[in-house]
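Below you'll find the structure, written out as structure tokens, and then a few comments.
Residue numbers (full-length UniProt numbering): 1 to 520.
In structure tokens:
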């Protein structure tokens, strides 16, 4: 007959296994937390950096346009004076150092002056569709990239020239050569990152007009979410896969003056190398402690098992009544100590299950108001989504609640929240679900109620709150956003966001009001 496993070995195996699982879980959790932190930090840093560079580019373009405006005004009565045209283009080119070249084009599209004179385009009439952008606009303009008559790939900043009588005479333009050294490249290079990040600039059509890799300038990028978003004038940050299939952490911001977008990004792989190095260092640091822990488990497992073994042997050798013997015989003891402990475990399990049920109920309820809490909200959303029960959503926020805490103290604020929750209970039906989603924010699910009935309920509750005298505070008001979920495939989370949007609209429209937002 095989000898049963003794408790000492079981404790040793269990402790080692538990320690290893705990250690691995700790490493994994630490890695995930560190990974999320560094990714979020990098995304935010890139967003802030892109915003800063976009603002600097806006300032540059504004300054350049101011210079062009001055020149356009100076030439308003000199467009037929070749000497004046030549001198002004030279002055603007040499004094500001903003442009690679400066040209004056008359209303017929003929280049009448150019600086530097090495650019042999004087007298040429513009005929290409792209080169006629400024002539057609007859307004201040930052053009899309195009190839000039001299063969330079450039963008043009132009300002119209009008006579004193308001007649359009042409325009003066400063150009930036995208494939040569230019002021824009210098501006962006002077503020480049040193940690492997880099930035690039695209125009409104997704064409690269600045990139550290000059061979990519002029490429049109269409499959990049950051570029697609910033081209709409939006700013933010995204974890993306770029046009070359590389995962990047990108921040982006628009250049409002020109419709451009600035994108600052860093390879996700290089970003996570830091986390991997940190985890290696943590692992090496924990080895000595881990060895000492295993030694401690080995030594003390014998001390832990010795009294239990002695107790088990004593019970086995003692007289006992028949019930005790029968109970022991019925136990399937795969090691001898377990035969004495199993009954205690069964009782303990019963108590534990009751405790777990009690804790589960408590975990779904807000202790202050007695309403369902955020966890209860999540559970209700999952159940209603599965059951496809239509309902209306009310998002409520007590107006100026912070001032209650500031002026009367948090205890009074807590009493107000309790009274407000009680009003919600009194006005709602038994089938409705009431939640405290956080702070002074509440949510109500009106089951099987359409949005019109929900709005009436919201107004009734709002007026009830407005007329109610809260202890030590007096009157308060509430803003309510109303949305409807019809049991369709759309996620209830979307409807919750719609209710929040309606709530914010109520706040923005003066508070103490209800606003509708349908999910149709």
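C-beta: ideal position from N, C-alpha, C; glycine also.
- About 4 Å separates the beta carbon of residue 109 from that of residue 126, a gap short enough to meet the 8 Å contact definition.
- Considered as a whole, the UniProt domain "GGDEF" (389-519) harbours 391-398, 433-438, 441-447, 478-485, 514-516 as its complete beta strand (DSSP E) runs of no fewer than 3 residues, in chain order.
- For residue 378, the enclosing alpha helix (DSSP H) starts and ends at 374-387.
- Around residue 441, the same chain offers 397 as residues with beta carbons nearer than 6 Å, after the five sequence neighbours per side are excluded.
- Buried is the label assigned to residue 366, since at least 16 other Cβ atoms lie within 10 Å of its Cβ.
- When 103, 256, 172, 14 are compared, the shortest CA-CA separation from residue 59 is found for 256.
- Contact between residue 75 and residue 88 holds, since their C-beta atoms are separated by about 6 Å, short of 8 Å.
- Shown here for residue 202: same chain residues with a beta carbon closer than 8 Å to its own, the five before and five after excluded, namely 208, 209, 221, 227, 230, 231, 260, 261, 263 in chain order.
- For the segment 106-141, the continuous beta strand (DSSP E) assignments of 3+ residues that do not extend past its boundaries occur at 111-115, in sequence order.
- Boundaries of the beta strand (DSSP E) harbouring residue 250: 247-255, taken from the DSSP string.
- The residue among 287, 418, 448 with its C-alpha nearest the C-alpha of residue 20 is 287.
- The C-beta of residue 425 has fewer than 16 other C-beta atoms within 10 Å across all chains shown, which makes the residue exposed.
- 48 is the residue among 517, 48, 32 whose C-alpha sits nearest the C-alpha of residue 236.
- Between residue 128 and residue 176, the gap from beta carbon to beta carbon reaches 8 Å or more.
- Here the C-alpha atom of residue 385 lies approximately 7 Å from the C-alpha atom of residue 491.
- At the C-beta level, residue 46 and residue 249 come within 8 Å of one another.
- Distance check between residue 158 and each of 44, 149, 172 places 172 closest, using alpha-carbon atoms only.
- C-alpha of residue 44 to C-alpha of residue 271: approximately 13 Å in a straight line.
- Counting only residues of its own chain and dropping the five nearest sequence neighbours on each side, residue 246 has a CB closer than 7 Å to the CB of 267.
- A straight line joining the alpha-carbon of residue 461 with that of residue 238 spans about 41 Å.
- No Cβ-Cβ contact shorter than 8 Å links residue 433 with residue 482.
- Taken through DSSP and simplified to helix, strand or coil, residue 82 comes out as helix.
- For residue 186, no beta strand (DSSP E) run applies; the uninterrupted alpha helix (DSSP H) run containing it begins and ends at 183-189, by DSSP.
- Counting along the chain, residue 264 sits inside the beta strand (DSSP E) bounded by residues 260-267.
- Bounds of any alpha helix (DSSP H) do not take in residue 175; it lies within the beta strand (DSSP E) bounded by 168-177.
- According to the DSSP assignment, residue 221 belongs to no beta strand (DSSP E), since it is labelled neither H nor E.
- Residue range 225-230 is occupied by the alpha helix (DSSP H) that includes residue 226.
- Annotation: the continuous beta strand (DSSP E) that includes residue 160 extends over 153-162.
- A straight line joining the alpha-carbon of residue 225 with that of residue 62 spans about 28 Å.
- Annotation: residue 370 is outside any beta strand (DSSP E) and is labelled neither H nor E by DSSP.
- Under the three-state reduction of DSSP output, residue 206 falls in the coil class, being neither helix nor strand.
- The bridge partners DSSP lists for residue 240 are 248.
- No Cβ-Cβ contact shorter than 8 Å links residue 113 with residue 121.
- Segment contact: the segment 66-82 against the segment 269-283, fewer than three CB-CB distances shorter than 8 Å; contact not assigned.
- Straight-line spacing of the CA atoms in residue 178 and residue 393 works out to 54 Å.
- In the three-state reduction of the DSSP assignment, residue 365 falls in the strand class, which pools E and B.
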